[in-house]
Amino acid sequence: MKFGAVVVGGGKGERLGSEIPKCLVKVGNLPLIALASWAFNQVEAIESIVLVVPPGYESKIKSTVKELDLKKVTDVVEGGTERPDSVLAGLNAMPADVDHVLIHDGARPMVSVELISKTIEALAGKHAVTVATPVTDTLHQLEDNHTARGPDRDSLVAVQTPQGFNRMMLNRAFSIARTRKLVTTDEVTLVRDVMGIHSEIVPGESENVKITHPKDLETFAAQLKKRVQKMEKSYSVSTAPSKSLSWGVRIGEGYDVHRLTPNRDLILGGVKIPYNKGLLGHSDADVLTHAICDALLGAAALGDIGVHFPDDSYIFKDISSLKLLSQVCTILLGAGYRPVNIDSTLIMEKPRVADYLYSMRKNIAKELKLDVSNVSVKATTTEGLGFAGMGEGIASKAIVLIGKI
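This is the structure:
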């Protein structure tokens with residue numbers, strides 16, 4: 122028997138409040154899908170790992186795989202619009218001699234080597250197995266917004282991944298489902314509904330959570346950091362922010378400039394300013410918000426907005442920079458930090474923006490989950506000097522304080 126693993130990262134990240142796909146949200150300097158793949162790379166029985174990522178991100182993930190020396194990753198492929206399309210893409214990229222596969226969610230970054238090994242052991246001689254944990258809460262079905270009689274929780278389990286299958290059988294199930302135009306949320310459901318095959322349960326682990334909401338990154342920050350530290354120890358590469366400031370406070374500085382041009386809206390701090398010109402850029406070119414984003418990322422040594430939101434990606438074309446700021450906040454939480462306060466300055470000759478500064482502060486505070494009193498936005502001129510003084514563009518600078526969660 123030869124075992125392979127398909128790690129699927131096709132989720133859009135909408136519930137996570139992310140403009141980039143969920144599996145690519147970073148913890149430290151690493152995307153979730155890389156953290157999820159690391160444990161599979163440590164399991165001796167796994168011979169091949171295929172990563173399935175959203176379109177346009179293959180080269181970036183391949184670079185991460187190379188940096189982390191994940192030798193068992195044999196391919197990184199583009200996923201589809203539905204989960205079955207993504208899983209099939211992974212299966213099709215798996216070496217032909219692999220006859221048993223584990224399917225794992227890329228948003229479950231804390232899966233353990235031990236749990237993967239137990240899943241492989243359980244799969245020997247069986248068609249299908251799945252990791253699951255007991256349901257501890259009492260569940261009720263809603264009827265007209267009222268609780269109805271619920272099932273006996275002793276008969277329920279919460280299904281996780283990895284899920285293991287005989288590869289030939291799983292391919293057959295997908296073929297039948299496609300003919301029937303049937304889409305399922307996981308492969309255990311697929312083989313049950315299409316093939317009538319029930320999966321054996323492998324006891325799961327409470328730490329094997331799925332990162333779905335922004336609060337998950339904060340709640341599980343300590344566990345996620347431990348995973349990053351394990352990877353550092355294994356590969357001797359720097360995958361997490363420096364810990365040189367053991368007292369947990371960091372300072373970051375950001376600076377950005379955009380050219381003024383006709384036929385563009387002028388957006389500053391998420392506020393549309395009445396003016397006959399706007400700032401030129403790939404996104405909405407909100408120079409103030411960009412400077413704050415850079416300062417926050419820099420404080421945690423996580424690069425800059427160009428690294429996380431490249432200006433050659435259609436995903437970020439004309440996007441509100443407040444959405445990028447929200448994503449930066451999510452990235453910080455994943456790295457174990459939170460914003461504390463912001464001090465920023467707009468450098469511009471025209472138009473006058475004094476009446477809009479408070480609205481800018483409110484917008485920024487909302488995205489960073491701060492009180493408005495912790496966000497300062499000021500505006501100054503250059504007395505007619507330089508590109509800003511001549512009305513050719515607007516600059517902004519920001520200084521931020523972040524703290525450990």
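Residue numbers (the working numbering): 122 to 526.
Cβ atoms here follow ideal geometry from the backbone N, Cα and C, with glycine treated the same way.
Computed from a predicted structure; not experimentally measured.
- Ile170 and Val194 do touch by the CB rule: their CB atoms are close to 5 Å apart, below 8 Å.
- In the three-state DSSP reduction, Lys183 falls in the helix class (H, G or I).
- With fewer than three CB-CB distances shorter than 8 Å, the segment 468-479 does not count as touching the segment 327-337.
- Around the beta carbon of Asn384, a 10 Å sphere encloses fewer than 16 other beta carbons of the protein chains shown; the residue is thus reported as exposed.
- Among the bridge pairs identified by DSSP, Asp226 is matched with Val129.
- One thing to note: Thr251 has its Cβ within 8 Å of the Cβ of Val309.
- As for any alpha helix (DSSP H) of minimum length 4 sitting wholly inside the segment 321-346, the runs are 335-340, ordered along the chain.
- The segment 207-262 is shown to contain whole beta strand (DSSP E) runs of 3 or more residues at 221-226 and 249-255, in chain order.
- With fewer than three CB-CB distances shorter than 8 Å, the segment 234-251 does not count as touching the segment 170-190.
- The three-state secondary structure of Ser447, taken from DSSP, is helix.
- Here the segment 405-414 lies against the segment 460-467, with 3 or more beta-carbon pairs under 8 Å apart.
- If you look at Asn162, you'll find it in the alpha helix (DSSP H) that goes Leu153 to Gln163.
- Residue pairing from DSSP leaves Gly391 without any beta-bridge partner.
- If you look at Glu470, you'll find it isn't in any beta strand (DSSP E); DSSP assigns it neither H nor E.
- The straight-line gap separating the alpha-carbon atoms of Asn292 and Val129 is approximately 16 Å.
- Here Asn397 carries a coil assignment [DSSP, helix/strand/coil].
- Nearest to Leu311 by alpha-carbon distance, out of Ile322, Ser296, Gly211 and Lys490, is Ser296.
- The DSSP-derived three-state label of Arg459 is strand.
- For Ala422, no beta strand (DSSP E) encloses it, and the DSSP letter there is neither H nor E.
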